[in-house]
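Only one structure is covered here, and it is reproduced in the block below.
Residue numbers (the numbering used here): 600 to 968.
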């Protein structure tokens, strides 16, 4: 298995090697993000649950703020972080404003913004994972196209469509496609999983944070009902809700790659392997000159054979040819046959000419009178 992979790697074009190296780096980065987000989100959820259990028994805003800012809960993107920042802003607003309804609305806005900041940190590096899921199939498709180009170049160079000419390009096209999908599918699955988990955590964080902050603030201010602002949920709905990044769709990319491979598999068998040959050129002459004539082997339509006008049969043909060819070495043997003579008869005498060492033969057709 290792030897086959090594041979495949050695036969790949530099473009295919670069694409596979890039896809390998993207795969390692994607797995690193998966591990980091799993740890970060699990830790934030654990810290938030522990703080929520402790905060239920705290009624004073100052005590709740101090508890939220304690080292054991002061983790970024957690419930304690949101509550602590919101109550700190509440102390500042209360020193500047006396209207309890205005204070409550301002603290509600601050809590919403802090929740949004926490959600942004929940989604850290998830956009890069979506980028990996979207780019990897394109890189695989790019490798597929370059592999097919390499395969067709091999066909053009060899003049045929044999496996030896196209196997390297086909393997490169298939390998880059498979690796691109192998990198993209786990990244896409992880992206969807984390986005769903972040949505759930953001809803829980939003509800818990507003519940704890408003419960503490209401005990510290006097409400008159003079400001009945819209709820945070209505404001978010009016603004279009939470914006999520579009999920990458790799289906069209896979379809294009498969169509290219199917076309290639259909076209390749139609290209037959052949050998380039030079066809003989015919030339009409009246008669052979004395210089051109060395040994003339005549074959009549009835099969009778003559070597320089001497009648011979199949058994004595080679010996008579050898005798007549002495002193004529290096010259061509002239085979003169009837126009309708079967080609198998010509082949048999050509073999005899080859045995006596004739470098070539000249074929002359005589028309029947």
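Idealized CB from N, CA, C, for every residue including glycine.
Between residue i and the rest of its own chain, which residues show a CB-CB distance below 6 Å, the 5 nearest in sequence each way excluded?
| i | result |
| --- | --- |
| residue 692 | 702, 705 |
| residue 923 | 894, 906, 907 |
| residue 679 | 650, 667, 672 |
| residue 782 | 622, 625, 626, 735 |
| residue 688 | 709 |
| residue 952 | 932, 960 |
| residue 801 | 718 |
| residue 772 | 743, 746, 747 |
| residue 840 | For residue 840, the predicted structure reports a pLDDT of 46, less than 50, and the residue's modelled location is therefore unreliable. A value from the coordinates is still provided. So the list is empty, once near-sequence residues are dropped. |
| residue 630 | none |
| residue 696 | 702 |
| residue 815 | 660, 663 |
| residue 817 | none |
Within the continuous beta strand (DSSP E) that includes residue i, where are the two ends?
| i | result |
| --- | --- |
| residue 656 | Premise fails: residue 656 is in no beta strand (DSSP E) and is neither H nor E. |
| residue 965 | 960 to 965 |
| residue 973 | Because the chain in this structure spans residues 600 to 968, residue 973 falls outside the shown range and cannot be described. |
| residue 904 | 904 to 906 |
| residue 894 | 894 to 898 |
Just to confirm my understanding: we take residue i, look at its own chain, exclude 5 residues before and 5 after, and list those with CB closer than 7 Å. What are they?
| i | result |
| --- | --- |
| residue 929 | 958 |
| residue 681 | 710, 713, 714, 717, 804, 808 |
| residue 738 | 618, 621, 622, 779 |
| residue 664 | 683, 686, 687 |
| residue 657 | 663, 666 |
| residue 793 | 636, 725 |
| residue 775 | 615, 618, 619, 739, 742, 743, 746 |
Which stretch, first to last residue, makes up the alpha helix (DSSP H) that contains residue i?
| i | result |
| --- | --- |
| residue 683 | 678 to 695 |
| residue 953 | 942 to 954 |
| residue 910 | Element bounds for residue 910: not the alpha helix (DSSP H) but the beta strand (DSSP E), 909 to 911. |
| residue 721 | 699 to 721 |
| residue 915 | Taken as a continuous stretch (DSSP letters only), residue 915 belongs to no alpha helix (DSSP H), as it is neither H nor E. |
Is the beta carbon of residue i less than 8 Å from the beta carbon of residue j?
| i | j | result |
| --- | --- | --- |
| residue 893 | residue 948 | no |
| residue 647 | residue 669 | no |
| residue 954 | residue 913 | no |
| residue 728 | residue 632 | yes |
| residue 813 | residue 660 | no |
| residue 654 | residue 811 | yes |
| residue 722 | residue 797 | yes |
| residue 920 | residue 946 | no |
| residue 898 | residue 936 | yes |
| residue 934 | residue 963 | yes |
| residue 777 | residue 628 | no |
From the DSSP secondary-structure annotation, give me the bridge partner or partners of residue i.
| i | result |
| --- | --- |
| residue 800 | DSSP lists no partner for residue 800. |
Sorted by chain position, which residues of the same chain lie with C-beta nearer than 8 Å to residue i's C-beta, five sequence neighbours on each side aside?
| i | result |
| --- | --- |
| residue 825 | Here the model assigns residue 825 a pLDDT of 48, short of 50, so the residue's position is not dependable, and the following value carries that caveat. Contacts found: 698, 700. |
| residue 635 | 724 |
| residue 832 | For residue 832, the predicted structure reports a pLDDT of 46, less than 50, and the residue's modelled location is therefore unreliable. The matter cannot be settled from this model. |
| residue 944 | 898, 902, 936 |
Could you tell me whether the Cβ of residue i comes closer than 8 Å to any Cβ of chain C?
| i | result |
| --- | --- |
| residue 627 | The displayed structure is made up of one protein chain only, and chain C is not part of it. |
Is any heavy atom of the ligand SAM found at a distance shorter than 7 Å from the C-beta of residue i?
| i | result |
| --- | --- |
| residue 650 | By its list of ligands, the structure shown contains no ligand whatsoever, and the ligand SAM lies outside what it can speak to. |
- Message: Quick test of the definition: if touching needs 3 or more C-beta pairs under 8 Å, does the segment 641 to 648 touch the segment 613 to 632?
- Response: By the Cβ criterion, the segment 641 to 648 is not in contact with the segment 613 to 632, since fewer than three pairs of Cβ atoms, one from each stretch, lie closer than 8 Å.
- Query: With contact counted as at least three CB pairs below 8 Å, one residue from each stretch, are the segment 900 to 914 and the segment 938 to 949 in contact?
  - Reply: Touching, yes.
- Counting Cβ pairs closer than 8 Å, one from the segment 741 to 755 and one from the segment 785 to 798, do we hit at least three? Too few Cβ pairs lie closer than 8 Å, so no.
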